[in-house]
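Asker: Residue 7 is where the sequence shown starts when you use our numbering, and the numbers rise one by one after that. The beta-carbon is built from N, C-alpha and C at its ideal position, and this holds for glycine as well. Input: one structure, supplied below.
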Amino acid sequence: MVTIDVNMDLGEGMNIEQQVMPFISSCNVACGGHYGDYNSIRSTLLLAQKYGVHIGAHPSFEDKKNFGRVHLEWHELRFRESVSRQIQLFQDVAAELGMVMHHIKMHGALYHATAHHPEFVNWTIQWIKDEYPIIPLYVPAGSLLEQEMNNNGLTTYQEAFADRRYHDSGQLVSRHDSNAVIQDILKLVNQLSIMVYEKKVTSVEEHAIPIHATTYCVHGDNLNIVHQFDQVIAALKLNGIQIG
7 MVTIDVNMDL GEGMNIEQQV MPFISSCNVA CGGHYGDYNS IRSTLLLAQK YGVHIGAHPS
67 FEDKKNFGRV HLEWHELRFR ESVSRQIQLF QDVAAELGMV MHHIKMHGAL YHATAHHPEF
127 VNWTIQWIKD EYPIIPLYVP AGSLLEQEMN NNGLTTYQEA FADRRYHDSG QLVSRHDSNA
187 VIQDILKLVN QLSIMVYEKK VTSVEEHAIP IHATTYCVHG DNLNIVHQFD QVIAALKLNG
247 IQIG
C-alpha cells in the first residue's frame, strides 16, 4: 500500500469540512483574501485538530467578488502586506487553539502568478526568506517557483491536481473551459493513480507528460467529487493507495 498526502482547500463557504476532514491529510484554509474570517478559520481548524490533519494558510488576491480567480496588478509592497496579513490572521486563530501552521499554499490566480510569473516568483522567494524561511510552500510540480525555491534552499511540497486537466505545457486547463475539472470518480482515481505510480499525467492534447508530486489536491468546491469522497477513498484503496 502506497501512502500519499491529499490536500484540500477548505473554509471557503462550501460547508463540506465535516464530510471530508476524516479522509484527507492536509488542508489549506481560506484566510480572508477570497473568503474566510475568524469564525470560518476557527471552525475549520477545530475539525482539522479533531482528525489530525495538517493545517496550512491559503492566502489569495483580495477579491471576494471573483473568489480570488482574477489576476490583480499588485506591486511588491501590496503583495507582501496583503499575504502576510492574511497569514497572520490564520496564525492568530491557530495559536488560540494550540496549533501550528504546517504549510502555506496560495489560492487561485495568486497561486498561478507566484508559480509562473517571474516578477511574482522573485517577490515570493524574498518574502519567504524574510518571513517564513522554515515553512514549506505548496507549489505546482515543475513550476518556475519550485525551481527557484530549490535554488534558494527553501522547502517545497510539489503539488499535482487529481481533479484538474493539464496541457502539454504542464499548466492547468483554464476553468473557463468545460473540461477543466474532473467530476467523475473513476476518472479522478485513474488520473491520481497514474500520477502516483507512473509519475505522469495525460494532457488534454493526449500526450503523457511527466509530473513528480509529493502532495495531491482535490478541490473543495468540486462538489460532485466531495459528496462522494468516501467512494474515492475506497477506489484508491483498491488501487493500493491510502491517504495519510
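Considering only their Cβ atoms, is the gap separating G74 from H113 smaller than 9 Å?
Answerer: yes
Asker: With Y172 as the anchor, note down where its beta strand (DSSP E) starts and where it stops.
Answerer: Boundaries for Y172: no beta strand (DSSP E) harbours it, and the DSSP string shows neither H nor E there.
Asker: Please look up how many angstroms separate the CB atoms of I188 and R171, rounded, as I've assumed it's under 8 Å.
Answerer: 7 Å
Asker: Is the segment 142 to 152 close to the segment 72 to 88, with three or more CB pairs under 8 Å?
Answerer: no
Asker: If I follow the unbroken beta strand (DSSP E) through M201, where does it start and stop?
Answerer: Where M201 is concerned, there is no enclosing beta strand (DSSP E), although the alpha helix (DSSP H) it sits in stretches over 191 to 204.
Asker: Please identify the residue among N158, I22, L116 whose C-alpha is closest to the C-alpha of N228.
Answerer: I22
Asker: Taking the alpha-carbon positions, what's the D174 to V210 distance?
Answerer: 8 Å
Asker: Measure the C-alpha to C-alpha separation of G148 and T221 and round it to an integer number of angstroms.
Answerer: 13 Å
Asker: Where does I61 sit, in a helix, a strand or coil, going by DSSP?
Answerer: In the structure shown, I61 sits in a strand (DSSP, three-state: E or B).
Asker: Who are the near neighbours of T120 in its chain, counting only those whose CB is closer than 7 Å to its CB and skipping five residues on each side?
Answerer: M112, F126, V127, T130, L151
Asker: Is the segment 230 to 242 touching the segment 177 to 185 in the sense that three or more CB pairs, one from each, lie closer than 8 Å?
Answerer: No, the segment 177 to 185 does not touch the segment 230 to 242.
Asker: Quick check: the Cα distance between G246 and K71, rounded to an integer number of angstroms?
Answerer: 41 Å
Asker: Below 8 Å on the Cβ atoms is my guess for C33 versus V8; work out the distance and round it to an integer in Å.
Answerer: Not a contact, Cβ separation roughly 21 Å.
Asker: Using the three-state DSSP reduction, which class does H109 fall into: helix, strand or coil?
Answerer: strand
Asker: To test your reading of the DSSP string, which unbroken alpha helix (DSSP H) runs of 4 or more residues are found completely within the segment 75 to 130?
Answerer: 82 to 102, 114 to 122
Asker: Tell me the residue span of the beta strand (DSSP E) that contains N34.
Answerer: 32 to 36
Asker: Going by Cα to Cα distance, which pick from N45, I217, S66 is closest to D15?
Answerer: S66
Asker: Which of helix, strand or coil does DSSP assign to L229?
Answerer: helix
Asker: Give the C-beta separation of E18 and G226 to the nearest angstrom, bearing in mind that I take them to be a contact with Cβ-Cβ under 8 Å.
Answerer: 6 Å
Asker: Near V224, what residues of its chain come up, given a Cβ to Cβ distance below 7 Å and the 5 sequence neighbours on each side ignored?
Answerer: V12, M14, A168, D169, I231
Asker: DSSP state of N21, grouped into three classes?
Answerer: Residue state, collapsed to three classes: coil.
Asker: Tell me the rounded alpha-carbon separation between L103 and L53.
Answerer: 11 Å
Asker: For the alpha helix (DSSP H) containing A240, name the first residue and the last one.
Answerer: 235 to 244
Asker: Would you please state the rounded distance, in angstroms, between the beta carbons of G176 and L95? I believe it to be under 8 Å.
Answerer: Rounded, the Cβ-Cβ distance is 32 Å, inconsistent with contact.
Asker: Am I right that Q97 and M107 are in contact with their C-beta atoms under 8 Å? What's the rounded C-beta distance?
Answerer: 6 Å
Asker: I need the boundaries of the beta strand (DSSP E) containing L16, first residue and last residue.
Answerer: Boundaries of the beta strand (DSSP E) around L16: 12 to 16.
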